[in-house]
């Protein structure tokens, strides 16, 4: 059995049918079926259960073999990358991900990185923490910037500066205070950013109001940060966002107010795979934090 056959097996497991796997691998279906049969004969076990709809599901032996096959394949890919990068300049593609709230942290660092390594290309993902951790596990990204705290095995982590939330209101609101209480915030029409999946700041905001037996005046739940700020600028209401999302432009266009006894303080962190080879570009990127 060779690495090529392992790639075939993993493709079948991930695609769910031999025909889709063949299409994914850019090969004909009959030779792929033959390779699967040869693997099962060599191992002496059935790796997949087949049904009448030509779908395949892993047997218990197949599940175990998939874990081992991925580990071997990833080890080979890392070895090839490490050898290729030996004594070479930093090059290739930097694959990183960020939650929507940590995006400003990522963007400012990418700008510094780009100035040093103009020949590097980028693969950037955005999503909630769970989605990014899956991308990290599946090696689709090398580094993620997510909000903490969190508990996850097989990763290394570097905590960044805490990021308190602030109240952002249109300039025409008559709020001259430098700070505001949560009780006072509950009386203001709020536009809140809500992820399409998973939990996040939205849930933390609602929970804090509930803890104080307050009912917030939520005028709008928005799923796009640019749209959210446009609505605030039009005077629809105020919003609550991490301070890192407040750019110089926002300071001019909005009134930024600190929150007393602030319960909404993010703990962003850099996360990458433990016991895994990091590309030279990823290692240099980490050095900027």
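Numbering (the working numbering), first residue to last: 580 to 868.
Quick reminder that beta carbons are idealized off the backbone N, C-alpha and C, glycines included.
Runs of the alpha helix (DSSP H) spanning 4 or more residues and lying entirely within the region 716-767 occur at 761-764, in chain order. Assignment of residue 809 by DSSP, reduced to helix, strand and coil, places it in the helix class. Per DSSP, the continuous alpha helix (DSSP H) segment holding residue 683 begins and ends at 682-695.
Residue 862: member of the alpha helix (DSSP H) spanning 859-866, first to last residue.
Counting C-beta atoms within 10 angstroms of its own C-beta, residue 834 has 16 or more neighbours from the protein chains shown and is therefore classed as buried. If you check the CB distance, residue 671 and residue 855 do not come in under 8 Å. Taking every protein chain shown into account, the CB of residue 658 has fewer than 16 other CB atoms within 10 angstroms, so this residue is exposed.
The alpha-carbon separation between residue 602 and residue 610 amounts to approximately 12 Å. Residue 758 is positioned such that its CB atom lies closer than 8 Å to that of residue 839.
In the DSSP assignment, residue 848 falls within the beta strand (DSSP E) that extends over 844-852. About 5 Å separates the beta carbons of residue 845 and residue 821, which is inside the 8 Å limit, making them a contact pair.
Between the C-alpha atoms of residue 746 and residue 583 there is a straight-line separation of about 55 Å. Residue 853 counts as exposed, since fewer than 16 other C-beta atoms from the protein chains shown sit within 10 angstroms of its C-beta.
In this structure, the straight-line span from the alpha carbon of residue 761 to that of residue 780 is close to 15 Å. Rounded to the nearest angstrom, the gap between the Cα atoms of residue 799 and residue 770 is 5 Å. Residue 596 and residue 851 have their C-alpha atoms roughly 32 Å apart.
Burial state of residue 654 is exposed, judged by a 10 Å Cβ sphere holding fewer than 16 other Cβ atoms.
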